[in-house]
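Asks: Handing you a structure now.
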Amino acid sequence: MFQQVDFSALELPASARSLQQEVREFLRAEIAAQAFKPHLGHTEFDAGFTRKVAARGWIGMTWPKRYGGRERSYLERFVVTEEMLAAAAPCAAHWFGDRQTGPSLLRYGNEQQKQHFLPAIARGECYFALGMSEPNSGSDLASVKTRAERVPNGWRVTGQKVWTSWAHKAHAFFVLCRTAPDAGNRHEGLSQLIVELNAPGVTIRPIRFMNGQHHFNEVFLDNVFVPDDKVVGDIGQGWQQITSELALERSGPERYMTTFPLFTELLRRLGGTPDARAAEMVGKLAARLWSLRRMSLAIAMTLDPGPDSGDGVVKAAVDLATEAALVKDMGTFYEREIIDAARLLADVEPTPDAAGTFERYLAETIVCAPVATIRGGTTQVLRNIIARKLLGPLK
Amino acid sequence: MNDVSDIRAMLIESATRLFADHVDAKLLAAAKRDGWSPGLWNIAEEAQLPLISIAEEAGGAGGSLSDLAAVLRIAGRYAAPIPLAETAIAGWMLARSGLQIAGGPLAFGPVHGEIITARKHGAQWRLSGSMRRVPWARIAQRLVVLAAGPGGDIVACVDPMQCKITPGRNLADEPRDDVVLDNVVVSASLAAPAASGVNHAALRLRGALARALSMAGALERALELAVRYATERSQFGRKIGQFQAIQQELARFAGEVAAAVAAALSAAGALERGEDATLAVASAKIRTAQAAQEGALIAHQVHGAIGVTDEYALHHSTLRLWAWREEFGNEAAWAIELGRALAAGGADRLWPVLTRD
Chain A
6 MFQQVDFSAL
16 ELPASARSLQ
26 QEVREFLRAE
36 IAAQAFKPHL
46 GHTEFDAGFT
56 RKVAARGWIG
66 MTWPKRYGGR
76 ERSYLERFVV
86 TEEMLAAAAP
96 CAAHWFGDRQ
106 TGPSLLRYGN
116 EQQKQHFLPA
126 IARGECYFAL
136 GMSEPNSGSD
146 LASVKTRAER
156 VPNGWRVTGQ
166 KVWTSWAHKA
176 HAFFVLCRTA
186 PDAGNRHEGL
196 SQLIVELNAP
206 GVTIRPIRFM
216 NGQHHFNEVF
226 LDNVFVPDDK
236 VVGDIGQGWQ
246 QITSELALER
256 SGPERYMTTF
266 PLFTELLRRL
276 GGTPDARAAE
286 MVGKLAARLW
296 SLRRMSLAIA
306 MTLDPGPDSG
316 DGVVKAAVDL
326 ATEAALVKDM
336 GTFYEREIID
346 AARLLADVEP
356 TPDAAGTFER
366 YLAETIVCAP
376 VATIRGGTTQ
386 VLRNIIARKL
396 LGPLK
Chain B
1169 MNDVSDIRAM
1179 LIESATRLFA
1189 DHVDAKLLAA
1199 AKRDGWSPGL
1209 WNIAEEAQLP
1219 LISIAEEAGG
1229 AGGSLSDLAA
1239 VLRIAGRYAA
1249 PIPLAETAIA
1259 GWMLARSGLQ
1269 IAGGPLAFGP
1279 VHGEIITARK
1289 HGAQWRLSGS
1299 MRRVPWARIA
1309 QRLVVLAAGP
1319 GGDIVACVDP
1329 MQCKITPGRN
1339 LADEPRDDVV
1349 LDNVVVSASL
1359 AAPAASGVNH
1369 AALRLRGALA
1379 RALSMAGALE
1389 RALELAVRYA
1399 TERSQFGRKI
1409 GQFQAIQQEL
1419 ARFAGEVAAA
1429 VAAALSAAGA
1439 LERGEDATLA
1449 VASAKIRTAQ
1459 AAQEGALIAH
1469 QVHGAIGVTD
1479 EYALHHSTLR
1489 LWAWREEFGN
1499 EAAWAIELGR
1509 ALAAGGADRL
1519 WPVLTRD
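First to last, the sequence lines map onto chains A and B. Sequential numbering from 6 applies to the first sequence in the working numbering. Sequential numbering from 1169 applies to the second sequence in the working numbering.
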């Protein structure tokens, strides 16, 4: 693992350092102005905040300038992401567009899609959701049943998507569907289509989280027309397309930092002179975070196509998918360690509507704790992937 | 790739070949009995591995701390029974303080913060005190001692023949010897005021970093063995690696190993860049010790009974992991220190400190 990475030489370049300060100042000012209320668990959907972030040039920032991007490095994007997470900033509105659909369009989209969607995403005006899971397709994503049938000038899509975060606020979503029947190789015959969420035949219903919050949805597609120009990449290549950028998606700071603000509040609560037990737990949490961040940074840096690539697309030649799976597996467990340390050291009851940030963060993180090890590849699936790489084919 | 990483890649390749070619079951068995392998030492010294990161003008082999880190990781992977880290740290103490480095294996102390007193006696120094569990003391050509002189700390190059050395060993039968200095005479040319940065805390820090790097390598080896065993051993009519229960454990193990490697090498880079490396080294020692805790036992579990035998190679890695995780501060000691420092800095400094790099 990580054989191609020289960890001892890995450090943020000066450009990323100055950006780090810039983002911190921006967030400090936002928090001081009470422009947003930080929440943990599910990040909030706040179009106003998203537009401010966009105005700073921090959405789609690695994309080519001709598509509204800033042609900055992956490490610079890394820095922005981790600062947003450290401040519990409400990034849901631009999250999927910036992180998944934008990069996919950049790599596989046609020119019209790129010109239509990318600048709008980068301006913080166009929000995407992801239509992957279905009632009978969770970890086994290749088994999706949503199907698209060929009609003149496009496709008619019918099926059901679930766990579609923020579909009720987004403009469009990527739908993974079957455009040809499963004829043996189940990874073939899948395609990605862009479906506008206000299109006729689309019905969105909330799936409430266990604490009553609404961010998940189920989305029903009933004979929804999708014109040919909204097919992403090539028909039948959907599987390759969704798996090609997994290394970055699985290894980003969001895989180990979603409970970090609770760590900060824990330290505030413990004060300047904690006892040995508390100090030991704090030291271990810090050491684990520092180590995870080094791995996550290494992946971002290694996949960075560099300023001269022109297309802003990850280096395809470098395969860090297994390393990324390791980061997600360890990172999501690390997030729980913060919750447990906070719980055990503070002896307070988690209180959803508490005035105190610590009690509220504790409540928000505890109810969301099961989610991180499920979404984006369950722990068990990740470990299977890692083991396959370790062991090779066994007979 | 730039020049620095090219050179390091070559160093990694040649060091890997050197240890792979020479460290075998017979050599390790002999070292278990004798405390070390003089033959391997000669080969390593010829390849200029022991004094990497020390300037050539000072008698070192040149190269950077990251180069040394790469070598220590590989030596750990092969369980090389020679005092590479100790020689490098002792050499650093000497070079920093303007003293010449002679050839041969070196040891340094104290490693538990004991006070050795140094008194001036004409042109000579006289050193007294005792040091517990000094790594490799009995086989070292010279003991490099940090002692308290009347005008501040000094670094002294001591002839071990003049000390009373009581042999001891760690779990892996590496020498960890008690050393008593009773008015040991050191000529003025072999002692000097300790340079700034050469102090007890720095010895502990560098020792901890060295052990973290060695543990990273030992973990890599234990994982290699466990993976190989899982692909070879059959039970219930299948390779045991085909069982998901085994696969999940190996995957967890691989994560621990990757984290250990990342942390240890990163800490070496931080120290090399001259940053305040306490966070980095503490994190590296904590993370590698945790990985050792998880990884060594998974390695044994996957191996079943054969793994605990003297005949099978796994114990060369796991016994060292269990010994090294305690040396120069275990994960609890470093975590308490790190936790107190972070708390003293205050909650709003936590994130900036963690991301200072």
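Built from N, CA and C at the ideal position, the CB exists for glycine as well.
Can you check DSSP and say which residues form a bridge with Arg213 of chain A?
Replies: Answer is A:His219, bridged to Arg213 of chain A.
Asks: Using a Cβ-Cβ cut-off of 6 Å (strictly less than) and excluding sequence neighbours within five positions of Thr356 of chain A, which residues of its own chain qualify?
Replies: Once the five neighbours on either side are set aside, the close Cβ partners of Thr356 of chain A are Glu364 and Ala368.
Asks: In whole angstroms, what separates the C-alpha of His1484 of chain B from that of Thr1477 of chain B?
Replies: Using only the alpha carbons, I get a separation of about 11 Å.
Asks: Look up Lys57 of chain A in the DSSP assignment and give the residues it is bridged to.
Replies: DSSP output for Lys57 of chain A lists no bridge partner at all.
Asks: Does DSSP put Leu1219 of chain B in a helix, a strand or coil?
Replies: Coil at Leu1219 of chain B, not helix or strand.
Asks: Note down the Cα distance separating Gly1230 of chain B from Ala1248 of chain B, rounded to an integer number of angstroms.
Replies: The alpha-carbon atoms of Gly1230 of chain B and Ala1248 of chain B are separated by roughly 21 Å.
Asks: Decide if Lys119 of chain A is buried, meaning its Cβ has at least 16 other Cβ atoms within 10 Å, or exposed.
Replies: The residue in question, Lys119 of chain A, is buried, as its Cβ has 16 or more Cβ neighbours within 10 Å.
Asks: At a CB distance below 8 Å, what residues from the segment 226 to 237 of chain A approach chain B? Give them in sequence order.
Replies: Listed in sequence order: no entries.
Asks: Compute the minimum distance between the beta carbon of Asp1321 of chain B and the heavy atoms of the ligand SAH, and state whether it is under 7 Å.
Replies: This structure simply doesn't include the ligand SAH, nor any ligand for that matter.
Asks: For chain B, find out if any of its Cβ atoms is closer than 8 Å to the Cβ of Phe7 of chain A; answer yes or no.
Replies: Cβ-Cβ to chain B under 8 Å: yes for Phe7 of chain A.
Asks: Quick one, are the C-beta atoms of Glu81 of chain A and Ala127 of chain A less than 8 Å apart?
Replies: No, these two residues do not count as a Cβ contact at 8 Å.
Asks: Look up Asp1516 of chain B in the DSSP assignment and say whether it is helix, strand or coil.
Replies: Three-state DSSP puts Asp1516 of chain B in a helix.
Asks: For Ile247 of chain A, return the contacting residues in chain B, with the cut-off set at a CB-CB distance below 8 Å.
Replies: Here the premise fails: no neighbours, minimum Cβ distance about 22 Å.
Asks: Can you list, in chain order, the residues of its chain with a C-beta nearer than 8 Å to that of Arg299 of chain A? Leave out the 5 residues immediately preceding and following it.
Replies: Closer than 8 Å at Cβ, skipping near neighbours: Phe12 and Leu15.
Asks: Chain A beta carbons: is any one of them nearer than 8 Å to that of Ala1237 of chain B?
Replies: Judged by the 8 Å Cβ criterion, Ala1237 of chain B is in contact with chain A.
Asks: Suppose the cutoff is 8 Å on Cβ atoms and the five residues either side in sequence are ignored; what does the same chain contact list for Met1169 of chain B look like?
Replies: Model confidence at Met1169 of chain B stands at a pLDDT of 46, short of 50, so the residue's coordinates are unreliable; what they give is reported in the following sentence. Counting only Cβ-Cβ distances below 8 Å, and skipping sequence neighbours, we find Ala1177.
Asks: What are the partner residues of Ser1402 of chain B, as DSSP defines its beta bridges?
Replies: Beta-bridge pairing links Ser1402 of chain B to B:Lys1407.
Asks: Along the chain, where does the alpha helix (DSSP H) containing His1280 of chain B start, and where does it finish?
Replies: First-last for His1280 of chain B: undefined, no H or E at that position.
Asks: Report yes or no: is there a C-beta of chain A within less than 8 Å of the C-beta of Ser1173 of chain B?
Replies: So, interface residue.
Asks: Check Pro1303 of chain B in the structure and name its three-state DSSP category.
Replies: Pro1303 of chain B: strand per DSSP, three-state reduction.
Asks: Compute the distance between the beta-carbons of Lys289 of chain A and Ile1257 of chain B, then report whether it is under 8 Å.
Replies: No.
Asks: For the candidate residues B:Gly1266, B:Thr1255 and B:Ala1467, whose alpha-carbon lies nearest to that of Ala1394 of chain B?
Replies: Looking at the Cα atoms, B:Ala1467 is the closest of the given residues.
Asks: List the DSSP bridge partners of Leu1311 of chain B.
Replies: Beta-bridge pairing links Leu1311 of chain B to B:Ala1275 and B:Val1326.
Asks: Could you work out which residues of chain A lie near Gln1526 of chain B, taking near to mean beta carbons separated by less than 9 Å?
Replies: Residue 1526 of chain B lies beyond the range of chain B shown here (1169 to 1525); nothing can be said about it.
Asks: Using only the alpha-carbon positions, how far apart do Ala1532 of chain B and Phe1187 of chain B sit?
Replies: Summary: the structure shown does not reach residue 1532 of chain B, with chain B confined to residues 1169 through 1525, and so no result is reported for it.
Asks: With Ala1247 of chain B as the anchor, note down where its beta strand (DSSP E) starts and where it stops.
Replies: Taken as a continuous stretch (DSSP letters only), Ala1247 of chain B belongs to no beta strand (DSSP E), as it is neither H nor E.
Asks: First and last residue of the alpha helix (DSSP H) that includes Arg152 of chain A?
Replies: Run containing Arg152 of chain A: none in the alpha helix (DSSP H); it sits in the beta strand (DSSP E), Arg152 to Val156.
Asks: By the criterion of Cβ-Cβ separation under 8 Å, what are the contact partners of Trp1519 of chain B in chain A?
Replies: Ala91, Phe265 and Thr269, listed in chain order.
Asks: At 9 Å on the CB atoms, spell out the chain A contacts of Ala1511 of chain B, in chain order.
Replies: Neighbours of Ala1511 of chain B on chain A, chain order: Leu272, Leu275, Gly276, Gly277, Thr278, Pro279, Ala283, Ala284 and Val287.
Asks: Is there a Cβ from chain B that is less than 8 Å from the Cβ of Asp145 of chain A?
Replies: No, Asp145 of chain A lies away from the interface with chain B (no Cβ there is under 8 Å from its Cβ).
Asks: Could you give the distance in angstroms between the alpha-carbon of Thr67 of chain A and the alpha-carbon of Arg75 of chain A?
Replies: Rounded to whole angstroms, Thr67 of chain A to Arg75 of chain A spans 6 Å at the Cα level.
Asks: Show which residues of chain A have a CB atom less than 8 Å away from the CB atom of Leu1522 of chain B.
Replies: Chain A residues near Leu1522 of chain B: Ala291, Leu294, Trp295 and Arg298.
Asks: Closer than 8 Å is the cut-off here; do at least three beta carbon pairs connect the segment 1274 to 1281 of chain B with the segment 1512 to 1520 of chain B?
Replies: No, because fewer than three Cβ pairs between the segment 1274 to 1281 of chain B and the segment 1512 to 1520 of chain B fall closer than 8 Å, the two stretches do not touch.
Asks: Count the other C-beta atoms from every protein chain shown that fall within 10 angstroms of the C-beta of His220 of chain A, then say buried if there are 16 or more, exposed otherwise.
Replies: With 16 or more other Cβ atoms within 10 Å, it is buried.
Asks: Is any beta-carbon of chain B found at less than 8 Å from that of Ala392 of chain A?
Replies: By this cut-off, Ala392 of chain A is an interface position.
Asks: Rounded to whole angstroms, what is the Cα-Cα separation between Ala1359 of chain B and Ala1473 of chain B?
Replies: C-alpha separation (whole angstroms): 52 Å.
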